[in-house]
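Q: Numbering (our numbering), first residue to last: 91 to 193.
1. Just how far apart, CA to CA, sit residue 175 and residue 142?
2. Report the partner residues of residue 109 according to the DSSP bridge assignment.
3. With three or more beta-carbon pairs closer than 8 Å as the criterion, would you say the region 151-161 touches the region 99-112?
4. Under DSSP, the alpha helix (DSSP H) around residue 133 begins and ends at which residues?
5. Compute the distance between the beta-carbons of residue 117 and residue 149, then report whether it is under 7 Å.
6. Suppose the cutoff is 8 Å on Cβ atoms and the five residues either side in sequence are ignored; what does the same chain contact list for residue 93 look like?
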């Protein structure tokens, strides 16, 4: 089983902004300053690794504003999700499916 830090690193691969989450699925650290200084994320990423933030985290969050992605949460069985979305709207040209529920 991959660690949360490994999952976060995977999400960073396409340039997404992954952050450690605490209880209540809230980021462990403030992130709003990334609007003024986007380079601060890299500094924070290194600090989280050094200070062991991923060991304390209960999940991995994705800051969609900085990641350039739109997330649609579809609460239907996985095998029905694509058909459900297609019925609601025109399907986007690129859809990425990811499993949730990292243990």
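Just so it is clear, CB atoms sit at the ideal spot from N, CA and C, and this is done for glycine as well.
A: Well, looking at it:
1. Here residue 175 refers to the residue found at position 85 of the chain shown. Here residue 142 refers to the residue found at position 52 of the chain shown. Going by the C-alpha atoms only, they are around 39 Å apart.
2. For the purposes of this step, residue 109 is identified with residue 19 of the chain shown, where counting begins at 1. According to DSSP, residue 109 shares a beta bridge with 151.
3. Yes, the region 151-161 touches the region 99-112.
4. Looking up residue 133 in the chain shown gives position 43. Unbroken alpha helix (DSSP H) run through residue 133: 130-141.
5. Counted from its first residue, the chain shown places residue 117 at position 27. Counted from its first residue, the chain shown places residue 149 at position 59. In this structure, residue 117 lies away from residue 149, with their beta-carbon atoms at least 7 Å apart.
6. Position 3 of the chain shown holds residue 93. Taken in chain order, the residues that qualify are 144.
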